[in-house]
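Residue 126 in our numbering is what sits at position 126 of the sequence shown, and the numbering runs on without skipping anything.
Ideal placement from N, C-alpha and C gives every residue a C-beta, glycine not left out.
From a predicted model like this one, the values you see are computed outputs, not experimental measurements.
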Amino acid sequence: MMRSLTSVDLPRARSIAALALLIIVLPTWRMTAEPPAPGADTAQALIETYNARKIGDPGKRCIRLRLYDGETLTRDFRIAHLWQRFDAEIRSLVLLQRPDGLHGTSYLLIEDLQLDAGMRVFLQLASSKVPLEILPGRFDEGLLGSDFGYRDLLWRLPMGGHELLLDDASPRVVISRATTEGARAATAWSSTRSRFRDDGLLETVGYFVDGGTAPAKRLEIEGWTDADGAWTPRRMTMQVDADRRSLLTLDAARFGVEPWPAGLFEASALPEIVAFLRQHNGALPPELDLDCRQLAAD
Numbered sequence: 001m002m003r004s005l006t007s008v009d010l011p012r013a014r015s016i017a018a019l020a021l022l023i024i025v026l027p028t029w030r031m032t033a034e035p036p037a038p039g040a041d042t043a044q045a046l047i048e049t050y051n052a053r054k055i056g057d058p059g060k061r062c063i064r065l066r067l068y069d070g071e072t073l074t075r076d077f078r079i080a081h082l083w084q085r086f087d088a089e090i091r092s093l094v095l096l097q098r099p100d101g102l103h104g105t106s107y108l109l110i111e112d113l114q115l116d117a118g119m120r121v122f123l124q125l126a127s128s129k130v131p132l133e134i135l136p137g138r139f140d141e142g143l144l145g146s147d148f149g150y151r152d153l154l155w156r157l158p159m160g161g162h163e164l165l166l167d168d169a170s171p172r173v174v175i176s177r178a179t180t181e182g183a184r185a186a187t188a189w190s191s192t193r194s195r196f197r198d199d200g201l202l203e204t205v206g207y208f209v210d211g212g213t214a215p216a217k218r219l220e221i222e223g224w225t226d227a228d229g230a231w232t233p234r235r236m237t238m239q240v241d242a243d244r245r246s247l248l249t250l251d252a253a254r255f256g257v258e259p260w261p262a263g264l265f266e267a268s269a270l271p272e273i274v275a276f277l278r279q280h281n282g283a284l285p286p287e288l289d290l291d292c293r294q295l296a297a298d
């Protein structure tokens with residue numbers, strides 16, 4: 001039986017870099033700032049408005065990730081996501097519960113915009129005894145057969161180490177290019193183009209490589225729902241070509257819950273959490289087993 005996670009000894013793990021297994025975090029938030037006034041839009045203002053939103057933390061979400069080849073479903077994953085703010089950091093604990101055989105694999109994402117890379121990621125494979133730190137050069141890799149990467153779904157869009165420009169042809173599209181060595185090392189893309197709705201919510205992102213005139217992949221966010229005061233994307237599709245797409249859907253969520261012990265959001269807590277998941281067929285430890293609420297349809 002797993003001892004209480006609140007009593008786990010939590011020195012920071014000294015992690016090694018290794019090939020990662022992707023489990024995606026679907027973003028959920030409520031807006032706290034008014035959209036920029038008409039005619040006053042700048043690239044920086046659009047990003048700052050987006051980044052100023054509240055995220056309903058602490059919270060928990062129940063997520064489904066499905067991979068398609070044409071209309072054929074090839075993989076289906078069920079994921080639990082818990083997140084909490086720690087001063088300038090936002091920490092996400094992401095736990096794979098299904099399918100059988102893979103449940104237990106988990107990761108901790110520490111988002112810190114003071115870092116050039118924007119974040120640190122610690123992965124705990126079900127077969128590993130220690131968490132592995134993911135190198136920034138792997139943040140954009142599409143793993144688990146998916147075309148999502150760790151960097152795709154940060155709570156906040158990076159500003160430091162990036163050049164931000166408005167698209168001349170589309171005033172609510174921000175073109176972002178990494179300009180510092182650290183920022184360039186953490187992305188596989190020469191630029192991204194993020195389109196924002198009039199209310200400040202993100203709508204689409206195109207990912208471009210050097211010399212490309214069309215995006216190498218494209219993220220579309222649809223089905224926004226206001227749940228417990230949080231604006232929640234119900235459906236997110238990453239499309240690479242006509243026959244290949246990855247679909248994230250939000251099944252249920254809870255927002256503004258009681259804070260979890262800070263020690264749960266340390267890399268050194270991952271081995272014990274994963275061991276419990278493995279021993280209990282993907283069920284969460286009691287400390288984390290907070291029921292999600294079903295979200296109303298649009």
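CA-to-CA, the gap between Val209 and Ala253 works out to about 35 Å. Counting of Cβ neighbours within 10 angstroms places Pro286 among the exposed residues, the total staying below 16.
For Asp152, the three-state secondary structure derived from DSSP is helix. As computed with DSSP, Met238 is found in a beta bridge with Leu219 and Ser246. Nearest C-alpha to Thr49 among Arg218, Phe148 and Leu157: Leu157. Comparing alpha carbon positions, the residue from Ser170, Trp224 and Gly104 closest to Ser128 is Gly104.
Close CB contacts of Ile175 within its chain, under the 7 Å cut and outside five residues either way in sequence, are with Leu165, Asp167, Ser191 and Arg193 (chain order). Taking the Cβ atoms as the reference, Trp231 lies roughly 18 Å from Pro58, outside the contact range of under 8 Å.
Beta-bridge annotation (DSSP): Met119 is paired with Glu111. The C-alpha of Leu277 is placed about 6 Å away from the C-alpha of Leu284.
Here Ser92 carries a strand assignment [DSSP, helix/strand/coil]. Under the DSSP definition of a beta bridge, Tyr207 partners with Thr192 and Lys217.
Leu165: member of the beta strand (DSSP E) spanning His162 to Asp167, first to last residue. Look at Arg138 here: in three-state DSSP terms it is helix.
For the set Phe148, Ile134 and Leu95, the Cα lying nearest the Cα of Lys60 is the one of Leu95.
Within a 10 Å sphere around the beta-carbon of Arg245 sit 16 or more other beta-carbons, which makes this residue buried. The beta carbon of Phe86 lies closer than 8 Å to those of Ala262 and Phe265 in the same chain, with the five residues before and after it left out. For Phe86, the uninterrupted beta strand (DSSP E) segment begins and ends at Thr72 to Phe86.
In its chain, beyond the 5 residues on either side, Gly161, His162 and Glu163 have a beta carbon closer than 7 Å to the beta carbon of Thr179. In the structure shown, Glu287 falls within a helical segment according to DSSP collapsed to helix, strand and coil. The three-state secondary structure of Ser268, taken from DSSP, is helix.
Only exposed fits Pro99, as fewer than 16 other CB atoms lie within 10 angstroms of its CB.
Under a 10 Å Cβ-count criterion, Leu73 is classified as exposed, with fewer than 16 other Cβ atoms of the shown protein chains found around its own Cβ.
Here Glu48 carries a helix assignment [DSSP, helix/strand/coil]. Ser92 and Asp41 have their C-alpha atoms spaced approximately 31 Å apart.
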